[in-house]
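Undergrad:
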Amino acid sequence: MAVCVEERSDGEAATIRIASNTRDLTTLTSGMRRLADVLEQAARRENIRAEDQRAFFEQVVSLDTPRILSRLRSQHAKSSRKTAGKPAIIRQLGEILRNTSVRTRPGLPQPNLSAMIGQAEALKAVFARLCSNALELRKDRSHCWQ
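Be aware that the sequence shown starts at 688, since it is given in the working numbering, and climbs by one per residue.
(1) Counting only runs of 4+ residues fully inside the region 713 to 757, write out the alpha helix (DSSP H) ranges in chain order.
(2) Could you say if the region 743 to 757 and the region 800 to 809 meet the contact criterion of at least three C-beta pairs nearer than 8 Å?
(3) In three-state DSSP terms, what is Val-813?
(4) Hey, Ala-723 and Asp-739: beta-carbon distance below 8 Å or not?
(5) Given Leu-800, which residues of its chain have a CB within under 7 Å of its CB, disregarding the five upstream and five downstream residues?
(6) Could you check what DSSP says for Arg-785 in three-state terms: helix, strand or coil?
(7) Take Arg-754 and list the residues in its own chain whose beta-carbon comes closer than 8 Å to its own, dropping the five residues that flank it on each side.
(8) By Cβ distance below 8 Å, which residues in the same chain neighbour Ser-829 in space, the five residues on each side in sequence not counted?
(9) Measure from the alpha carbon of Cys-691 to the alpha carbon of each residue in Ile-705, Glu-733 and Val-813, then state which is nearest.
(10) In terms of alpha-carbon separation, which member of Glu-693, Arg-710, Leu-756 and Thr-714 lies closest to Thr-702?
(11) Please work out which residues of its chain come closer than 8 Å, Cβ to Cβ, to Val-748, disregarding the five sequence neighbours upstream and downstream, and give them in chain order.
(12) Here's the rule: buried if 16 or more other CB atoms are within 10 angstroms of the residue's CB, otherwise exposed. What is Gln-833?
(13) Do you know whose CA, among Ala-775, Arg-732 and Thr-716, lies nearest Leu-750's CA?
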């Protein structure tokens with residue numbers, strides 16, 4: 688499933704687009720209900736705006752988590768023929784940055800490799816947290832993973 692949220696520039700309206708390749712609409716229906724609940728609370732101004740935004744973002748991500756994990760090739764993603772046997776994207780990034788045979792084209796500024804490696808390591812830590820959170824979500828909210 689894929690979810691896209693577009694807010695109008697004036698902030699007065701939003702468009703939610705969803706794509707799903709499954710015939711089972713249970714997950715989609717329950718996810719849309721949760722999104723609607725968050726939007727309803729926001730419309731009633733029951734919470735502070737930042738809290739409503741965080742809750743909405745979490746619901747969108749929970750609907751998209753299987754797809755996100757698949758794209759990142761997480762060990763927690765369902766295996767598909769596209770991702771089977773391929774290493775995680777974050778691991779590939781680290782390998783490329785440490786590969787001494789990779790060079791930039793002449794005329795391009797030389798990157799600060801040590802800074803890039805540090806940023807890749809920080810990204811790897813974020814990825815590990817995402818995977819850990821995904822595993823917890825899977826345990827706590829199994830209906831999000833069908």
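C-beta: ideal position from N, C-alpha, C; glycine also.
TA: With the given structure in hand:
(1) 713 to 731, all fully within the region 713 to 757.
(2) Too few Cβ pairs lie closer than 8 Å, so no.
(3) If you number the sequence shown from 1, residue 813 lands on position 126. Judged by DSSP in its simplified three-state form, Val-813 adopts helix.
(4) For this step, residue 723 is matched to residue 36 along the sequence shown. For this step, residue 739 is matched to residue 52 along the sequence shown. No, these two residues do not count as a Cβ contact at 8 Å.
(5) Taking the sequence shown and counting its residues from 1, the one referred to as residue 800 is at position 113. Cβ-Cβ distances below 7 Å link Leu-800 to Leu-784 in the same chain, with the five nearest sequence neighbours on each side left out; the list follows chain order.
(6) By one-based count along the sequence shown, residue 785 stands at place 98. Three-state DSSP puts Arg-785 in a helix.
(7) As a first step, residue 754 is located in the sequence shown; it is residue number 67 there, counting from the start. So the list reads Met-688 and Ala-689, once near-sequence residues are dropped.
(8) The sequence position of residue 829 within the sequence shown is 142, counting from 1. Here Ser-829 scores only 40 on pLDDT, less than 50, and its place in the model should not be relied on; the value that follows carries that caveat. Counting only Cβ-Cβ distances below 8 Å, and skipping sequence neighbours, we find nothing.
(9) Within the sequence shown, the letter at position 4 stands for residue 691. Ranking Ile-705, Glu-733 and Val-813 by Cα distance to Cys-691 puts Ile-705 first.
(10) For the purposes of this step, residue 702 is taken as the residue at position 15 of the sequence shown. Ranked by how close their Cα comes to the Cα of Thr-702, the residues Glu-693, Arg-710, Leu-756 and Thr-714 have Glu-693 in first place.
(11) As a first step, residue 748 is located in the sequence shown; it is residue number 61 there, counting from the start. Contacts found: Ile-755.
(12) The sequence position of residue 833 within the sequence shown is 146, counting from 1. For Gln-833, the pLDDT reaches just 29, beneath the cut-off of 50, and the residue's location in the model is therefore unreliable, although a value from the coordinates is still provided. So Gln-833 ends up on the exposed side.
(13) Locating residue 750 in the sequence shown gives position 63, counting from the first residue. Closest by alpha carbon: Thr-716.
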